[in-house]
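> Sharing a structure with you now.
Residue numbers (this note's numbering): 14 to 305.
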């Protein structure tokens, strides 16, 4: 790779550029307004941290130091608590992320079907490795463990939109089109691939109006259901399906007072076991005297 600072890939070890610079007043006012809407959805405001981190990314493109400060302030958390969450989930980026995150599945099935080859060829084509970003800031390349679409292996995702049954050639064309600004549509679902910031705002809880374009099950996923319908198969219904089980009687679960293992036979918490034993012995002697 080139040693020129202007052409080197941006990667996870790059300093967090301008991370701690304060937000411009208008941007800060907009962020606070959006954050208040998010916080209002939760009975405890600390629960709003996940969507608020996405909100920060929708503005900064990654989780910045100033974004961490804002989350901590508005949610009454420490910077350490916010950072702990931001570093736990892979969808939160702690360094400048590309406009499009391209994730190549290299887990078992996709790897067997060519996922490793796709990653290697795309990595060489772009001149970047895992978790690195092209110098133009367009593409961040990642290896991912599973895209939850094994029926269509090998699968690649661009900002979490599916590109099924990929090859090195189709994936290289996809990233080239994304970099050039050409319209790119996933294999199924949405009509276009939104930018990382646009997706982050949607994940923060602000709908983009494209909910009807959500991913549907593909033919391979529905094949079993299709065969079952054609052959008239159905799951067997149990004779007592849906029937409520009778509640267990108290006598089956709790001993009578004074019986072995009942609460009356147990010493109070913190009580001296020897004292409790002596008292039990005295009580037993009293009962014998009464019987006599």
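All residues carry an ideal CB built from backbone N, CA and C; glycine is no exception.
Taking C-beta to C-beta, are residue 58 and residue 88 nearer than 7 Å?
yes
> For residue 113, list the residues DSSP reports as bridge partners.
152
> Skipping 5 residues on each side, what residues in its chain have a beta carbon closer than 8 Å to that of residue 190?
So the list reads 196, 197, once near-sequence residues are dropped.
> By how many angstroms is the C-alpha of residue 211 removed from the C-alpha of residue 134?
28 Å
> Suppose you measure from the CA of residue 74 to the CA of residue 209; what does that come to, to the nearest Å?
7 Å
> Where residue 131 and residue 86 are concerned, what is the direct C-alpha to C-alpha distance, given to the nearest angstrom?
Roughly 43 Å separates the two Cα atoms.
> Please state the DSSP three-state secondary structure of residue 250.
coil
> Rounded to whole angstroms, what is the Cα-Cα separation between residue 170 and residue 160?
7 Å
> Between residue 151 and residue 112, how many whole angstroms is the CB-CB distance? I'm expecting something under 8 Å.
For residue 151 against residue 112, the beta-carbon gap comes to about 5 Å, under 8 Å, which counts as contact.
> In this structure, does DSSP put residue 94 in helix, strand or coil?
Reduced to three states, the DSSP call for residue 94 is helix.
> Below 8 Å on the Cβ atoms is my contact criterion, and I expect residue 176 with residue 168 to pass it. Report the Cβ-Cβ distance as a whole number of Å.
7 Å
> Are residue 8 and residue 157 close, meaning C-beta to C-beta below 7 Å?
In the structure as shown, the chain begins at 14 and stops at 305. Residue 8 is therefore absent and cannot be evaluated.
> Can you look up residue 124 in the DSSP assignment and give me helix, strand or coil?
helix
> Where residue 35 and residue 83 are concerned, what is the direct C-alpha to C-alpha distance, given to the nearest angstrom?
10 Å
> Could you pull out every residue in the same chain whose Cβ sits closer than 7 Å to the Cβ of residue 282, ignoring the five residues on either side in sequence?
Because residue 282 sits at a pLDDT of 49, beneath the cut-off of 50, its placement in the model cannot be relied upon, and the point is left open.
> Kindly indicate the opening and closing residues of the beta strand (DSSP E) around residue 174.
174 to 176
> Please state the DSSP three-state secondary structure of residue 146.
In the structure shown, residue 146 sits in a strand (DSSP, three-state: E or B).
> DSSP three-state call for residue 241: helix, strand or coil?
helix
> For residue 120, which residues from the same chain have a beta carbon less than 7 Å from its beta carbon, with the 5 sequence-adjacent residues on both sides left out?
Only 158, 159 meet the Cβ criterion.
> Whose C-alpha, out of 39, 43, 213, 114, is nearest the C-alpha of residue 145?
114
> Less than 7 Å between the beta carbons of residue 81 and residue 98, yes or no?
no
> What would DSSP say about residue 40, mapped onto helix, strand or coil?
helix
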